[in-house]
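First the structure, in the form of structure tokens, and then the observations on it.
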Amino acid sequence: MADRSALKLVGIIFATVTLVVMLATGMIVKGFADGNYSLDSSASINR
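48 is the number of the first residue of the sequence shown in the numbering used here; add one for each residue after it.
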């Protein structure tokens with residue numbers, strides 16, 4: 048059976064990764080809501 052310190056370390060790593068992904072997703076969604084990003088492909092490099 049795995050020891051508790053290793054399981055605690057794995058849990059902290061997963062929690063950190065989850066928090067980073069949630070923050071990045073929130074920033075992207077806020078950017079779309081504010082109009083900083085657009086899904087329109089004609090506004091990209093095809094000028």
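All residues carry an ideal CB built from backbone N, CA and C; glycine is no exception. Just so it is clear, the structure is predicted and the values come from calculations on it, not from any experiment.
Point to revise | C-alpha distance - Leu56 paired with Asp87, whole-angstrom precision | key: 42 angstroms
Exercise for review: Pick helix, strand or coil for Ser85, following the three-state DSSP scheme.
Suggested key: coil
Check your understanding: By how many angstroms is the C-alpha of Ala62 removed from the C-alpha of Asp95?
Key -> For residue 95 there is no data in the structure shown, the boundaries of the chain being 48 and 94.
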